[in-house]
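Since the structure comes first, as structure tokens, the remarks are kept for the end.
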Amino acid sequence: MIQKCLFLVAGLGTRFLPATKAMPKEMMPVLDKPLVQYGVEEALIAGMSEICFVTGRNKRAIEDHFDDNVELDIHVKDTAREEALSGIRELMSKCKFSYTRQAQMLGPGHAVKLGQILTGDQPFGVVLSDDLCFGTERNVLRQLLDVHQKYGCSVVAVQEVPRDVSDRYGIVAGEFLEDGVVDVTSLVEKPAPASAPSNLGIVGRYILTPEIYDALDRIEPGVSGEYQLTDAIDVLAKEQRVLACQFKGKRFDCGSLDGFVAATNYCYRMRFGKLPVPEC
Ligand code: UTP
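Residues 792 to 1071 (my numbering) make up the sequence shown, in order.
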């Protein structure tokens, strides 16, 4: 069973300035809960209770969120407000948290490599918490885990994306192995629509095997001059099986204004019982 889940939270969140000037993008609340808490809940439900963060400057609020706040605890004790803290308290009691820092923002691939000191020599999950995901029946990490347990290899989450926005995604190429599972032959980071090999875009959920670290050592800076995780998984896919899981559910890009607003509306409707399908 995979127990470790790596959260990449060092990015600068420039698409959300000025909100992210002093506040981590991952702490932006959808309704009353920060994005990163949704991600940690998803990991825990999928059975991953060892939560590892690659964090950076100006991100201390994330560590504080997963720590006691004695003054606040005393203040709300035995009041109606206390219930609002039950979810985060449950996560704190059930998860272990560890942190390492990325001093220079050299890209998500670089961040995963730095995370090795926490994730070690075993398969692990990866969450980019600005992608807010709600699976149908099982959450998205759980769906990836099921594919990993069946095939024993690295798995990336994908969804169909409009071709004209392929340059916002990593795009996978390959053949369907079974319903919802693609045998990946290559991955391209942010291709122009004309050269995108498919309409399957990568979403910020992964299960990676430790061979990824060696692949990360062999990539050069790619799109935006950053070490791209997509490029390292492409190296891996040339040497061993890599699968893509076309998950069942919804995903919101909360790093963008449109996605953030859509997520807020969706969660509001869920909270107040206006959605028929139970989501997790
Ligand atoms: P993004 O490109 O979406 O995040 O990276 P960003 O750089 O924070 O956002 P914008 O584009 O400037 O608005 C995807 C994920 O990888 C992490 C980010 O925190 C985000 O979760 N990341 C990115 C790192 O941890 N380190 C990096 O060097 C780059």
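Each residue gets a CB set at the ideal place from its N, CA and C atoms; glycine is no exception. As the structure is a prediction and not an experimental result, all values here were calculated from the model.
Legend entry - Backbone CA spacing between Phe1043 and Ala1053 [nearest angstrom]: 7 Å
Inset, instruction - Report yes if the CB atom of Ala902 is closer than 8 Å to the CB atom of Leu799, and no otherwise. - result: yes
Legend entry - Inside the region 977-1027 only - alpha helix (DSSP H) runs reaching at least 4 residues: 1002-1008
Legend entry - For Arg1042, the first and last residue of its enclosing beta strand (DSSP E): Gly1040 to Asp1044
Legend entry - Strand pairing of Asp922, partner residues [DSSP]: Asp1044
Legend entry - Residues near Asn990 in its chain [Cβ-Cβ closer than 7 Å; skip 5 each side]: Glu951, Val952 and Arg954
Inset, instruction - In the DSSP assignment, find the unbroken alpha helix (DSSP H) run with Arg933 in it and report its ends. - result: Val931 to Tyr942
Inset, instruction - Drop a sphere of 10 angstroms on the beta-carbon of Met792, count the other beta-carbons inside from all chains shown, and report buried for 16 or more, exposed for fewer. - result: exposed
Legend entry - For Asp1049, the residue or residues it bridges with in DSSP: Partner(s): none; Asp1049 has no beta bridge.
Inset, instruction - Determine the direct distance from the alpha carbon of Ile962 to that of Ala987, and round the result to whole angstroms. - result: 7 Å
Inset, instruction - Go ahead and pull the three-state DSSP assignment for Ile962. - result: strand
Inset, instruction - Taking Arg851 as part of the alpha helix (DSSP H), name the residues at either end of that continuous run. - result: Arg851 to His856
Inset, instruction - Look at the Cβ atom of Gly1046, then the Cβ atom of Gly898, and state whether they are nearer than 8 Å. - result: no
Legend entry - Chain-order list of residues whose beta-carbon lies under 8 Å from that of His856 (same chain, five-residue window excluded): Met818, Pro825, Val827, Gln828 and Ile879
Inset, instruction - Would you list the residues sitting across from Asp974 in a DSSP beta bridge? - result: Glu966 and Leu1034
Inset, instruction - Work out the CA separation of Val845 and Thr811 for me, nearest whole Å. - result: 17 Å
Legend entry - Secondary structure of Ser877, DSSP reduced to three states: helix
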